[in-house]
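This report concerns only the one structure given below.
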Amino acid sequence: MSIRIVKADLTSLRCYVSQWLHATPLIVAAILFTALPALAEPVPGSLPAQWNTGAEDCQASPQPPLQVHAYEPQTFIVRQSPCASFEANFLYLLIGSDKALLIDTGAVADPKAMPLAKTILELLPEKDGKKLPLLVAHTHRHLDHRAGDPQFAALPSVEVVPFDLEGVQRFFGFNNWPNGIANIDLGGRTVEVIPTPGHNQTHVAFYDDRTGILFTGDFLMPARLLIEDARAYRESGLRIIDFLKTRPLTHILGGHIELNAEGRAYRFGSRYHPNEHRLELAEKDLRALPAAFERFNGFRRVESKTVETIYRLRVSLNASKRAQQGVNT
Ligand SMILES: [Zn+2]
Ligand SMILES: [Zn+2]
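Next up, the structure:
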C-alpha cells in the first residue's frame, strides 16, 4: 500500500488557467481536459430499505450481533445490532485487488459477544493462497469506533492505524493538519482521507473512488451531531464541499442512525430503533452543514429548514464551553 499526501486545493491549477483567460477558449479547454484526472463512473450498489433495528426486549428476542450487507461485491456495510450496543455502529469494508480497508471497529470489544475480526476475515478474498492484507483505520478516536481494535491486534497481515491525533497525522503523512489529503492505494481502488475535525479533533472522512461514497463517521450522519469545536466543524464542512467539486458523490454514509424516519431522536441508550431514518445522506445534507454552524451559538439547536429535520445539534456541558469559545473568537 502506498500513502501519499497531496495539496487539497486546485488553486495552482486555477491560477494557471486564469493566466490563459485571454487565450482562445479552445486552448483553455484543452489545458483543463489534460490537467484534470479522468473520472470513472462509480460502481453502482444497493442499500437495504431497513437495517437491523434491535428489539424492545433484546433478551426475549436475541439478535445476530452483526448484519453484513454487500453494497456491491467489493464493498460491505456491517452494522452492529442495537441489542449488542445501543451505539449500533456502521462499519465499512472496502476491498481492492492488493489490500482491504476496514473503517472503524465498533463499540464492542468482546469477540464472543461480537465476532467482528472473524466476520471480517471471512469476507476477505484470498490472493496467492493467503487472505488479502487488511488495514484497519478509524473515523475518530471515540471508543465506539475502535473498541474492536484488540481483536485485530495479533492477526497476521493486519495493520491497525493509531487513533491518537499524532499517530493519525504520522501514519497518513499529514504535515499541515487539517489541510491536505492522504491517499490509500488498495490496488485498483483509491481511498482518500480528508481531515474533518469538529466532532472530535482526530476525525477524518474517507472518500472511495470505486463507489463514489463518502464515509463520514460521526461528522455527518442522521443523528444528533455532537460538537467539540464549532469553528473547526464548519471549516471541515466547507473543506469537504470543496473536495467534492471534482469528484462524483453517490452517498454519504455515517457511523450511526439515531433518528427515526420523521427526524425524531431515539431515547439515549435505546436498543430499539423502530422506523429508522435511512442511513444514506446526500450532498444537499452536507451543503446545509456550514450554514447551520454559522447560526449555531454553542447552545441552541440550529434553526435551519434543511437541517432541523435531520439533525439535532446537542452539546455536552464541557463541549459547549469549548464550542462557544470557538464561535466567539
Ligand atoms: Zn464520536
Ligand atoms: Zn460514534
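Mapping to our numbering: the sequence shown position 126 is 131, numbers consecutive. Here a beta-carbon is modelled for each residue, glycine too, at the ideal position from N, C-alpha and C.
Under the three-state DSSP convention, the category residue i falls into
{"i": "residue 208", "result": "coil"}
{"i": "residue 34", "result": "The predicted model places residue 34 with a pLDDT of 45, which falls under 50 and marks its position as unreliable; any figure quoted below should be read in that light. Correct three-state label for residue 34: helix."}
{"i": "residue 299", "result": "helix"}
{"i": "residue 289", "result": "helix"}
{"i": "residue 309", "result": "The predicted model places residue 309 with a pLDDT of 43, which falls under 50 and marks its position as unreliable; any figure quoted below should be read in that light. Coil at residue 309, not helix or strand."}
{"i": "residue 74", "result": "strand"}
{"i": "residue 331", "result": "Confidence at residue 331 is low in this model, with a pLDDT of 41, below 50, so the placement of that residue is unreliable and no value is reported for it."}
{"i": "residue 156", "result": "helix"}
{"i": "residue 392", "result": "In the structure as shown, the chain begins at 6 and stops at 334. Residue 392 is therefore absent and cannot be evaluated."}
{"i": "residue 107", "result": "strand"}
{"i": "residue 262", "result": "coil"}
{"i": "residue 142", "result": "strand"}
{"i": "residue 42", "result": "Only weak support is given to the placement of residue 42: the predicted model assigns it a pLDDT of 48, under 50, and the question is left unresolved by the model."}
{"i": "residue 124", "result": "helix"}
{"i": "residue 26", "result": "Here residue 26 scores only 38 on pLDDT, less than 50, and its place in the model should not be relied on; the value that follows carries that caveat. Coil at residue 26, not helix or strand."}
Any non-hydrogen atom of ligand 1 within 6 Å of residue i CB
{"i": "residue 234", "result": "no"}
{"i": "residue 223", "result": "yes"}
beta-carbon residue i near ligand 2 non-hydrogen atom, thresh 6 Å
{"i": "residue 147", "result": "yes"}
{"i": "residue 260", "result": "yes"}
Candidates the options: closest to residue i by CA position
{"i": "residue 227", "options": "250, 153, 287, 202", "result": "287"}
{"i": "residue 295", "options": "199, 213, 237, 260", "result": "237"}
{"i": "residue 145", "options": "171, 65, 215, 123", "result": "171"}
{"i": "residue 231", "options": "123, 204, 292, 84", "result": "204"}
{"i": "residue 222", "options": "77, 82, 59", "result": "82"}
{"i": "residue 233", "options": "173, 214, 181, 202", "result": "202"}
{"i": "residue 47", "options": "193, 266, 200, 291", "result": "193"}
{"i": "residue 224", "options": "127, 188, 200, 167", "result": "200"}
{"i": "residue 165", "options": "122, 216, 277, 270", "result": "122"}
{"i": "residue 250", "options": "269, 291, 270, 265", "result": "291"}
{"i": "residue 58", "options": "300, 78, 278, 187", "result": "278"}
{"i": "residue 87", "options": "118, 105, 103", "result": "118"}
{"i": "residue 299", "options": "196, 235, 126, 79", "result": "235"}
{"i": "residue 60", "options": "90, 102, 160", "result": "90"}
{"i": "residue 217", "options": "253, 190, 197", "result": "253"}
{"i": "residue 64", "options": "276, 140, 189", "result": "276"}
{"i": "residue 271", "options": "247, 248, 229", "result": "229"}
{"i": "residue 49", "options": "104, 297, 214, 132", "result": "214"}
{"i": "residue 99", "options": "187, 246, 196", "result": "196"}
{"i": "residue 78", "options": "173, 157, 105", "result": "105"}
{"i": "residue 103", "options": "264, 127, 140", "result": "140"}
query = Is the stretch 274-284 touching the stretch 54-63, taking contact as three or more C-beta pairs under 8 Å?
reply = yes
Taking three-plus beta-carbon pairs below 8 Å as touching, is the stretch 72-84 in contact with the stretch 230-250?
no
In chain order, which beta strand (DSSP E) runs of at least 3 residues are fully inside the stretch 170-255?
As far as the stretch 170-255 is concerned, its whole beta strand (DSSP E) runs of at least 3 residues are 186-190, 195-200, 209-213, 218-222, 229-231.
Counting beta carbon pairs with one atom in the stretch 86-95 and one in the stretch 255-264, are three or more of them shorter than 8 Å? yes
With a threshold of 8 Å, are at least 3 pairs of Cβ atoms found where one atom belongs to the stretch 112-124 and the other to the stretch 146-159? yes
With a threshold of 8 Å, are at least 3 pairs of Cβ atoms found where one atom belongs to the stretch 197-212 and the other to the stretch 131-148?
yes
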